Each structure stands twice: as structure tokens, then as C-alpha cells.
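A.B. asks: This is the structure I want to talk about, given as C-alpha cells.
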Amino acid sequence: MHSVKKVKYLNDYKLEVEFNSGEIKVVDLSNHLDGEIFEPLKKVEYFKTVKVNPEFETIYWENGADIAPEFLFDIGK
78 MHSVKKVKYL NDYKLEVEFN SGEIKVVDLS NHLDGEIFEP LKKVEYFKTV
128 KVNPEFETIY WENGADIAPE FLFDIGK
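For the record, in the sequence shown the residue sitting at position 74 is 151 according to our numbering, with numbers rising by one throughout.
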């Protein structure tokens, strides 16, 4: 099972995500921000505020939006 250890904003809707396995992937979320909870993330300035939730070991934003680490791993390159 994958979990997120670090996240870094790159540009646009791209993040560099480091997983518990040590793998680092670039994740482009530009086509994955559907739904009401993700609306604020469509503003890049807010998207940049991404953090790692150490309890759930994935990325999240203050509005409560989060994304499963397995999904991030699968779409990452």
C-alpha cells in the first residue's frame, strides 16, 4: 500500500510526490479536479497550498479535499 511522505508544488496542476517506497513521481491533476470539493483547487494559488496529512499519509488542502495515495501513484510519471 502506498502512502505519501512529501509533496512539492511544481507548476500549473503538477506536484512532485514522494511515496513511502522512496519513489518520486510527478502527478498532473489538471484533469482530475471534478466535484464541488475540488472547485477551489482550480485556482492555482489555492492549489499551491497542498500539504501532506501525516495521519492519513496523503495530500490534502485546508478545505477538506484530499486524494488517495494509490490514485496519485497510479497516475504519476
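We put the CB at the ideal spot given by N, CA and C, even for glycine.
Just so you know, these numbers come straight off a predicted model, no measurement behind them.
Contact defined as beta carbons within less than 8 Å: I believe Lys-128 pairs with Ile-136. What is the distance between those atoms, to the nearest angstrom?
C.D. replies: About 7 Å separates the two Cβ atoms, so the contact holds.
A.B. asks: Under the three-state reduction of DSSP, which class applies to Phe-133: helix, strand or coil?
C.D. replies: If DSSP states are grouped into helix, strand and coil, Phe-133 belongs with coil.
A.B. asks: Look up Lys-155 in the DSSP assignment and say whether it is helix, strand or coil.
C.D. replies: In the structure as shown, the chain starts at 78 and stops at 154, and residue 155 therefore has no counterpart that could be examined.
A.B. asks: Below 9 Å between beta carbons: does that hold for Val-94 and Gly-141?
C.D. replies: Taking 9 Å as the Cβ cut-off, Val-94 and Gly-141 do not qualify as a contacting pair.
A.B. asks: Pull up the DSSP beta-bridge partners for Lys-125, would you.
C.D. replies: DSSP, once it has assigned bridges, lists no residue as partnering Lys-125.
A.B. asks: Is the distance from the Cβ of His-109 to the Cβ of Phe-96 below 9 Å?
C.D. replies: It is not a contact, given that the beta carbons lie outside the stated cut-off.
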